[in-house]
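Visitor: Okay, so the sequence shown: first residue is 0 according to numbering that gives the first Met the number 0, each after it adds one.
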Amino acid sequence: MRAAPQGGTDYMEVENPQPELSSNIPPCSLVWTPIAPITCCLPFVGHMGLTDSRGYLHDWHGCAVTPTHPRNMLFGAPARFIVLARPGGDAESRERWDGAIARADAEYAHKLHVMVCGHDCHSHVASALNAMRYGGCGCHNKVALAAAVFFFGRHVSLGGFLRTWLPCLLVAGVLLLFHVL
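1. Indicate whether Val167 and Pro42 have their beta-carbon atoms separated by less than 7 Å.
2. How is the alpha helix (DSSP H) around Gly98 delimited, first residue to last?
3. Please report the residue range of the alpha helix (DSSP H) in which Trp164 lies.
4. Where does Thr38 sit, in a helix, a strand or coil, going by DSSP?
5. Could you tell me if Leu175 is buried or exposed, where buried requires 16 or more neighbouring beta carbons within 10 angstroms of its beta carbon?
6. Determine contact between the segment 153 to 165 and the segment 87 to 104, defined as no fewer than three beta-carbon pairs at a distance below 8 Å.
7. Would you mind giving the Cβ-Cβ distance between Gly135 and Asn129, rounded to the nearest angstrom? I have them listed as a contact below 8 Å.
8. Under 6 Å from any heavy atom of the ligand COA, does the C-beta of Gly98 make it?
9. Name the residue from Arg153, Ala143, Asn140 and Val115 whose alpha carbon lies nearest to the alpha carbon of Ile37.
10. Give the secondary structure of Val124 by DSSP, where H, G and I count as helix, E and B as strand, and everything else as coil.
11. Which value, in whole angstroms, describes the spacing of the CA atoms of Ile34 and Met72?
12. One question on the structure: do Gly45 and Trp59 come within less than 7 Å of each other, judged by their Cβ atoms?
13. In or out: Leu49 buried (at least 16 other Cβ within 10 Å) or exposed?
14. To the nearest angstrom, report how far apart Gly172 and Ala103 are at their CA atoms.
15. If you draw a straight line from the C-alpha of Ala143 to the C-alpha of Phe150, how long is it?
16. Ordered along the chain, which non-local residues of its own chain (more than five positions away) have a Cβ less than 7 Å from that of His57?
Here it is in structure tokens:
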């Protein structure tokens with residue numbers, strides 16, 4: 000293991016110790032990817048994570064979080080994102096951001112994953128945002144985060160747009176076709 004940044008947890012060795020920030024996912028962002036086949040029917044349902052001030056992804060999926068390159072998200076590379084903070088801020092802001100993510104990572108390392116009615120990836124992100132009092136608020140929750148991504152999330156690329164919407168449109172088209180026939 001190598002030394003963690005101030006306020007962070009130990010980082011496991013990762014394939015690329017400095018993520019290429021040209022991967023279309025800026026540091027200090029909320030990231031989202033579809034979960035096949037659920038997102039095909041419910042396009043607002045997906046997997047969520049946060050990037051720290053150095054661009055590493057933190058996505059909880061029922062076990063300890065290992066910061067990694069954003070393309071290594073549990074259900075595939077991110078399709079959508081929302082930039083929450085600019086990483087070029089002062090060292091104190093970066094430390095506060097990374098420290099809050101580290102606290103959420105530690106808190107969720109021993110929690111049981113229960114989608115919808117319990118702790119899930121959205122809850123992990125909400126916990127980090129609440130710890131840092133993001134936007135002056137300590138009451139972020141999974142429903143508000145899902146709505147924010149659905150209505151305000153930017154697509155990473157055309158591929159991200161297609162991975163998000165094409166399966167849903169195909170399912171809707173098939174259902175419409177069967178309804179007409």
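Each residue gets a CB set at the ideal place from its N, CA and C atoms; glycine is no exception. Here the structure is a predicted model, which means the values were calculated and not measured.
Guide: Quick answer:
1. The sequence given here places Cys at residue 167; Val does not occur at that position. Contact: yes.
2. Ala90 to Tyr107
3. Leu157 to Val179
4. helix
5. exposed
6. These segments do not touch.
7. Between Asn129 and Gly135 the Cβ distance is about 11 Å, and since that is not below 8 Å, they are no contact.
8. Ligands displayed in this structure: none; no statement on the ligand COA is therefore possible.
9. Comparing alpha carbon positions, the residue from Arg153, Ala143, Asn140 and Val115 closest to Ile37 is Val115.
10. helix
11. 11 Å
12. no
13. buried
14. 40 Å
15. For Ala143 and Phe150, the gap between their C-alpha atoms comes out near 10 Å.
16. Counting only residues of its own chain and dropping the five nearest sequence neighbours on each side, His57 has a CB closer than 7 Å to the CB of Gly48, Leu49, Asp51, Val64, Pro66, Ile100 and Asp104.
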